[in-house]
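Asks:
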Amino acid sequence: MSKANKIKIDSKGMELSKGDIAFNIVNYTVFALITLACVFPFYYLFINTISDNELVRLGQIQLYPRGIHFQNYVEVLKIPGIVDALFVSVARTVLGTVWTVGGSAILGYLVTKQEMWLRKVWYRLIVITMYFSAGLIPWYMNLRMLGFMDNFWVYVIPGLVSPYNVILVKTFIEGLPPALEESATLDGAGYMRVFFSVIMPLITPILATLCIFSAVGQWNAFTDTMMLMPSGKYYTLQFLLYKYQNEASSLAALVRNTQDSSSLANVATKQTALSVRMTVAMVATFPILLVYPFFQRYFVKGIMIGAVKG
Amino acid sequence: MKKRFGLLIIALAVIASLFLPGLSIYVHSQLGAETAALFPASVSTWQMAVHGVNCLPVDAVSALGVISFSGWLALGAALLLACSAVLSLSANRKLNGVGVVLAGISLALAVTFAIQIGNISSSLLFKLMFTAQAWIYVPVAGAIVALVYEALLLRGTKEERAHLSLSGQRPPLLPENTWRLLMGAAALAAIVCMLLPVYSISVPATLTDDPADAAAINRSTSLISAALGERDMLNSYKADGRFSNVISGDIGQLAPYSGDETNIKGIFQIPQQSGTQKPDTMLIVAAALLALTAVLSFLRKADKWFPTSLATLAAISLVVSLVNVLTMSDADMYTGVSRQILHLGLGTLMPFAALAAIAAAFSMVCGVLCIRAADAPYFVNPIPKRSQLRLVAVVLAVLSVACILLPGANLSFYNPGKNKVGATRTLSGLQALSLSAPESISHPASDKGKTLYGETEKEGVMNAGQVEDAMNGLTRTFGLLTWAALALTAAGIVAVLMGRRKAAIALFLGAFALRALSWIMLMTGMPGALGTAGGTLYLYISLPLLLFAAFFANNANEETLPKKYKLFLMMLPFLVAVFLFAYLPLYGWSYAFFNYKFGIPLNQQEFVGLKWFTEMFTNPANRENIVRVLKNTFGMSGLNLLTSWMPMIFAVFLNEINNTRFKKSVQIFTTLPNFISWALVFSFAMCMFAMDTGIFSKFMLGIGAIKEPVVWLNSSSHIWLKMWAWSTWKGLGWGAIMYLAAISGIPVELYEAARVDGANRWHQMRYITLPSLLPTFFVLLMLSISNILNNGMEQYLVFQNPMNKQTIEVLDLYVYNITIASGGTTLYSFATAIGILKTIVSVTLLFSANFVSKKLRGESIV
Chain A
105 MSKANKIKID SKGMELSKGD IAFNIVNYTV FALITLACVF PFYYLFINTI
155 SDNELVRLGQ IQLYPRGIHF QNYVEVLKIP GIVDALFVSV ARTVLGTVWT
205 VGGSAILGYL VTKQEMWLRK VWYRLIVITM YFSAGLIPWY MNLRMLGFMD
255 NFWVYVIPGL VSPYNVILVK TFIEGLPPAL EESATLDGAG YMRVFFSVIM
305 PLITPILATL CIFSAVGQWN AFTDTMMLMP SGKYYTLQFL LYKYQNEASS
355 LAALVRNTQD SSSLANVATK QTALSVRMTV AMVATFPILL VYPFFQRYFV
405 KGIMIGAVKG
Chain B
9 MKKRFGLLII ALAVIASLFL PGLSIYVHSQ LGAETAALFP ASVSTWQMAV
59 HGVNCLPVDA VSALGVISFS GWLALGAALL LACSAVLSLS ANRKLNGVGV
109 VLAGISLALA VTFAIQIGNI SSSLLFKLMF TAQAWIYVPV AGAIVALVYE
159 ALLLRGTKEE RAHLSLSGQR PPLLPENTWR LLMGAAALAA IVCMLLPVYS
209 ISVPATLTDD PADAAAINRS TSLISAALGE RDMLNSYKAD GRFSNVISGD
259 IGQLAPYSGD ETNIKGIFQI PQQSGTQKPD TMLIVAAALL ALTAVLSFLR
309 KADKWFPTSL ATLAAISLVV SLVNVLTMSD ADMYTGVSRQ ILHLGLGTLM
359 PFAALAAIAA AFSMVCGVLC IRAADAPYFV NPIPKRSQLR LVAVVLAVLS
409 VACILLPGAN LSFYNPGKNK VGATRTLSGL QALSLSAPES ISHPASDKGK
459 TLYGETEKEG VMNAGQVEDA MNGLTRTFGL LTWAALALTA AGIVAVLMGR
509 RKAAIALFLG AFALRALSWI MLMTGMPGAL GTAGGTLYLY ISLPLLLFAA
559 FFANNANEET LPKKYKLFLM MLPFLVAVFL FAYLPLYGWS YAFFNYKFGI
609 PLNQQEFVGL KWFTEMFTNP ANRENIVRVL KNTFGMSGLN LLTSWMPMIF
659 AVFLNEINNT RFKKSVQIFT TLPNFISWAL VFSFAMCMFA MDTGIFSKFM
709 LGIGAIKEPV VWLNSSSHIW LKMWAWSTWK GLGWGAIMYL AAISGIPVEL
759 YEAARVDGAN RWHQMRYITL PSLLPTFFVL LMLSISNILN NGMEQYLVFQ
809 NPMNKQTIEV LDLYVYNITI ASGGTTLYSF ATAIGILKTI VSVTLLFSAN
859 FVSKKLRGES IV
């Protein structure tokens, strides 16, 4: 609102002083540079994955791609474990998001119910967990004791209650007019009925925001895989990426194994440890880049609600 | 009425099954074709009943004559079932009731017959000759179906019930007093059955050297005398040498047919038990309970729930003992001579054990019906206070949950190669929930602490690895069933509270069935070579508790729960999750006070008090590390804190850009880095800052800032600054969003008024925008101060390498590096101690920040 008004005022003929013009030039330039700094790495990585691998190895690809080919992507998907890891990543993102957001939505609704037995006690018990943690070892031993080692569900199940999300949903629901719910209750709807047919449609904006955060968090997580999957089952894409960066030698061997003899002849498309790393990184980035434009508009809303505390 | 003919058909089918092969003869090729030719292909139940052992080729193989079995049981079962079916045709409910009793007796006979034939055909002697056929179980199944069906008939058809419910209270089948007397009578009948013989051993006079010895062995034993330990009185006979010549006697003739002569000898390796055989407490308890039931039921004024409960317990213990006393497997080779002899078919089973169990069950049912028929309130009688019954059902179910979690399995391990129990261990439901066997049963040690099972493999003796596998398998089965029983019981409690009567009954009965199943799985899951397994008292107690929970739930009213509890119940799963994943780990803090070693239960760990806490400061090596790590933590957190104003300034200046499209794009693209993982950030860093190929090196070389390629990533120089730069790159745009949102909330009028007063752009930024953002900045600053120790580990983990480890290791990363990453567990306690101190400091900082915030701004931040 303020911006629209200000543009109007400015364009109305508020004279721009020389100082203003200089300020604008500097300001625009600085922001353009910052933006460039944020975007360039993505671009740089991308052109390196589609360029001639020999030129990449020599460091010749800097600002624009040369010798474009997509063999890297084809080859990377042939590395054993990559497709599985992609599947695990997608599965944990989808299931984990649905589980966390669904749980937060229901729990956020339940804690708004004043008539619940000892409501305040339970609510505080949940919120307080935001401020302390038992520490790495107790957390690890606890999950171990509960049988979550090498278990896919460790990505999903522990996320049921996330206090921060619960607070967001609760605050949002408290901002809704209570009359809506009352009328539904008068019509004989039970709590769950009210939740699914009255509350749910109204809180979709906040749920969308939570979905984004949860999905991005799930997609990007790799330390849990690192600690809880010692046997190598259920590796995620991000973890493979992390692993590849640390294990250059084994990666090179991996690459050699997946090469077929025909592509060995062609230096331009021959896989190197570097090209594999970069390509896997790109594969892990694409989903984010793909959905980013769609979820971008939910940020501000979510952040603003987050600023209002429960 | 049409439906009632169904039972007649069942009875006819049962009778027909008598003529089908009950025992199929299967002569193992090992015994040779000649022997095979001597035997008929199969023997029908009818033949067994009419001709007895003569249905087998006794003329050819005279040794078979020693076998005896009571085939009349099958005939009796079929006959009683037929009578019962005929009675059920009548519309007279009392006659129907008699039909139920007959069906029950028929069941007892059929079960005894099936057990006996099953035993003989599975015994070591005859394993290679006979196989029991499914047909011998048809009378059992028929009797069960008839029992259930006729019991349902007693309730009347649907139309009858509908009619009766319209006309008000439905008259009970029998008056309360009659039921009461029937309950007592059934209990007495059960006691009488326990006094009657369950098996009689008849050893041919030729079995032993002296016919007098054989005569001395022959006996009939009742359940009671078996319970008192008479089962193994025969032990003494070995000392007298009465069995010395067995192998050369009639049994000896059978040896070739068994295909394994040593096994036959093995059966008669009667163990010299040290001390006396323990009496079977369960049977004694059952007898006592039945006696009490009888007495209580004959007292008119006594509350009927008590005798009914007692009868239930007795019925369950009788069923348990029935299986224990009558069935035999190879595992029983060491547990008693009588059973061995029965195992060989040298005696007949009597139906009285089964009849005792059935009678006890009838006593229980009569008790329940007595209560339902009562018109005056008892002590906890359901009729006047239905609302309280829900509570009773819940309490019973909660108690059964406790019983499910308490030690439920009792495992006896034999000393390998000996017939002696070396160790007895229990397995609790709680332990089994993890689905892997606890140390005490996966590696059982004798009571003197000696390891029972060696690592090396020996023939016929299980080694430690096999024992572990077997115990893990057993625990997994038991644990899964425990999980399922717990889940059903919990769901049942919820259903009772929600007023869903039928669902509650189904759930409790389901939990009951699972408990019974877990008991059966226990007994069958223990390898015979290893020992025996059974339930403990808690397992048996949980059965009637669940049963009664179902009874009470049935009588509870269907009012719904008050709203406040309903909401709480909906919340409960979430609270359980919070407990499991946020509060339960706090239990792990106790590791800090022990010298923690992996795989040993906490109560056996060495307690070291505050050693690990003092170690942090007194041990020079540790102190050095802690100081270094804290320096890194504070250094890098501090850099971020010092520059925490940057997102705010970013927002303020971005706000000054008037081109909406440009502004939007800046916002979108600067936020993007926040959404990629640190692993990806590191990939970018690797590519761009690679020593000679990265664009950064090329650029710096190009402009002449550096003369030769510089190691950017694998060096420890300026690592704090580099880390700061990366976290700023990732977080700047994102951090600004909140400020941008706050700016859009500033009223436009403020700016307009300022402009009217002649404020220029700088003035507006300085005096309007910035002050409106300060509260937000303050809150965020306070929060980041309280998080100064929690700077996470992902960023530092990915950038960590041997070169920069000294300066990049923050507290969280250090804890990870010395424990999980190093693979050793020696420092788990130390790391936990660090974690505890860290949490305490963080919480203190948070509350201090909150206090400051309250003082300065009058608002709390948490």
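Order-wise, the sequence lines are chains A and B.
When you read off a place in the first sequence, starting at 1, and then add 104, the result is the number in the numbering used here.
When you read off a place in the second sequence, starting at 1, and then add 8, the result is the number in the numbering used here.
Don't be surprised by glycine CBs; every beta carbon is placed ideally from N, CA and C.
Every value quoted in this text rests on a predicted model; they were computed, and no experiment measured them.
Since alanine 600(B) contacts alanine 762(B) with CB under 8 Å, what's their CB separation in whole angstroms?
Replies: That pair is no contact at about 58 Å.
Asks: Just to confirm my understanding: we take serine 78(B), look at its own chain, exclude 5 residues before and 5 after, and list those with CB closer than 6 Å. What are they?
Replies: Only Thr356 meet the Cβ criterion.
Asks: Give the interface partners of alanine 417(B) over in chain A, defined as CB-CB distance under 9 Å, in chain order.
Replies: The premise fails here: alanine 417(B) is roughly 19 Å from chain A at the closest Cβ pair, so nothing lies under 9 Å.
Asks: Bridge partners for leucine 545(B) per DSSP, in chain order?
Replies: Bridge partners of leucine 545(B): none, in fact.
Asks: I want to see whether chain B comes within less than 8 Å of alanine 369(A), judged by CB atoms only; does it?
Replies: Confidence at alanine 369(A) is low in this model, with a pLDDT of 48, below 50, so the placement of that residue should be treated as unreliable; the coordinate-derived value is given next. Cβ-Cβ to chain B under 8 Å: no for alanine 369(A).
Asks: Considering only C-alpha positions, which residue in the set Leu181(B), Val148(B), Leu196(B) is nearest to arginine 163(B)?
Replies: Comparing Cα positions, the closest option is Leu181(B).
Asks: In chain A, what lies closer than 7 Å to serine 685(B) by C-beta?
Replies: Those within 7 Å of serine 685(B) in chain A are Asn324, Phe326, Gln342.
Asks: Show which residues of chain C have a CB atom less than 7 Å away from the CB atom of serine 237(A).
Replies: Checking the listed chains, one finds no chain C in this structure; the protein chains it contains are A and B.
Asks: Near alanine 857(B), what residues of its chain come up, given a Cβ to Cβ distance below 8 Å and the 5 sequence neighbours on each side ignored?
Replies: Closer than 8 Å at Cβ, skipping near neighbours: Met790, Leu791, Ile793, Ser794, Ile869.
Asks: When the Cα atoms are used, what is the spatial distance from leucine 443(B) to tryptophan 143(B)?
Replies: Distance between the alpha carbons of leucine 443(B) and tryptophan 143(B) is about 38 Å.
Asks: Decide if proline 282(A) is buried, meaning its Cβ has at least 16 other Cβ atoms within 10 Å, or exposed.
Replies: It counts as exposed.
Asks: Is it true that the segment 726-743 of chain B meets the segment 168-186 of chain A, where meeting means three or more beta-carbon pairs spaced less than 8 Å apart?
Replies: Result no; under three Cβ-Cβ pairs closer than 8 Å.
Asks: Please tell me whether leucine 190(A) has its Cβ less than 8 Å away from any Cβ of chain B.
Replies: Closer than 8 Å: no.
Asks: Please confirm whether threonine 284(B) has its beta-carbon closer than 8 Å to some beta-carbon of chain A.
Replies: Unreliable positioning characterises threonine 284(B) in this predicted model, as indicated by a pLDDT of 44, which lies under 50. A coordinate reading is not provided.
Asks: 8 Å is my cut-off, CB to CB: does lysine 217(A) come that close to chain B?
Replies: Taking Cβ atoms only, chain B reaches closer than 8 Å to lysine 217(A), which makes this a yes.
Asks: Taking DSSP as the reference, what is the three-state secondary structure of serine 725(B)?
Replies: Of the three classes helix, strand and coil, the one that applies to serine 725(B) here is coil, per DSSP.
Asks: Take leucine 211(A) and list the residues in its own chain whose beta-carbon comes closer than 6 Å to its own, dropping the five residues that flank it on each side.
Replies: Taken in chain order, the residues that qualify are Val270.
Asks: What does glutamate 614(B) pair with, by DSSP beta-bridge criteria?
Replies: DSSP lists Asn603(B) as partners of glutamate 614(B).
Asks: Hey, alanine 685(B) and asparagine 324(A) are a contact pair by Cβ (cut 8 Å); roughly how many whole angstroms apart?
Replies: Before going on, a small fix: residue 685(B) reads as serine here, not alanine. Their Cβ separation, rounded to whole angstroms, is 3 Å, which keeps serine 685(B) and asparagine 324(A) in contact under 8 Å.
Asks: Quick one: complete beta strand (DSSP E) runs, 3+ long, within the segment 42-115 of chain B?
Replies: The segment 42-115 of chain B contains these whole beta strand (DSSP E) runs: 50-52.
Asks: The alpha helix (DSSP H) spanning valine 429(B) covers which residue range?
Replies: Note, valine 429(B): premise wrong, no alpha helix (DSSP H); beta strand (DSSP E) at 429-436.
Asks: Measure from the C-beta of tryptophan 257(A) to each C-beta in chain B and report whether the shortest distance is under 8 Å.
Replies: Cβ-Cβ to chain B under 8 Å: no for tryptophan 257(A).
Asks: As a quick exercise: from Lys458(B), Phe486(B), Thr485(B), His451(B), pick the residue whose alpha carbon is nearest that of asparagine 471(B).
Replies: Out of Lys458(B), Phe486(B), Thr485(B), His451(B), His451(B) has the C-alpha closest to the C-alpha of asparagine 471(B).
Asks: Using a Cβ-based criterion (distance less than 7 Å to any ligand heavy atom), does cysteine 63(B) qualify as near the ligand MN?
Replies: This structure does not include the ligand MN; it has no bound ligands of any sort.
Asks: Checking contacts by CB at 8 Å: is leucine 15(B) closer than that to chain A?
Replies: No, its Cβ sits nowhere closer than 8 Å to a Cβ of chain A.
Asks: If you drop the 5 nearest sequence neighbours on each side, which residues of the same chain put their C-beta closer than 6 Å to that of isoleucine 113(B)?
Replies: Counting only Cβ-Cβ distances below 6 Å, and skipping sequence neighbours, we find Leu88.
Asks: Bridge partners for proline 415(B) per DSSP, in chain order?
Replies: Ser436(B), per the DSSP bridge assignment.
Asks: For valine 206(B), which three-state DSSP category applies?
Replies: Three-state DSSP puts valine 206(B) in a strand.
Asks: Are valine 616(B) and phenylalanine 625(B) touching if we call contact CB-CB under 8 Å?
Replies: No. Outside cutoff.
Asks: DSSP state of arginine 5(B), grouped into three classes?
Replies: Since the first residue shown for chain B is 9 and the last is 870, residue 5(B) is missing from the structure and cannot be characterised.
Asks: Is any beta-carbon of chain B found at less than 8 Å from that of glutamine 349(A)?
Replies: True, the Cβ-Cβ gap to chain B drops below 8 Å.
Asks: Between which residues of its own chain and glutamine 55(B) is the CB-CB distance below 6 Å, once the five residues before and five after are set aside?
Replies: Closer than 6 Å at the Cβ level, and outside the excluded window around glutamine 55(B), lie Cys63.
Asks: Taking 8 Å as the cut-off, does the segment 500-510 of chain B touch the segment 375-384 of chain B (at least 3 CB pairs, one atom from each stretch)?
Replies: The segment 375-384 of chain B vs the segment 500-510 of chain B: no contact.
Asks: Measuring only the C-alpha atoms, how far is methionine 341(B) from threonine 540(B)?
Replies: At methionine 341(B), the pLDDT of 43 sits below 50, so the modelled position is not reliable and the matter cannot be decided from this model.
Asks: Does DSSP classify asparagine 389(B) as helix, strand or coil?
Replies: Reliability fails at asparagine 389(B), whose pLDDT of 47 lies under 50, so the model's placement of it is uncertain and no value is given.
Asks: So, do the segment 219-232 of chain A and the segment 309-324 of chain A have three or more beta carbon pairs nearer to each other than 8 Å?
Replies: The segment 219-232 of chain A, when compared against the segment 309-324 of chain A, does not touch it at the 8 Å Cβ threshold.
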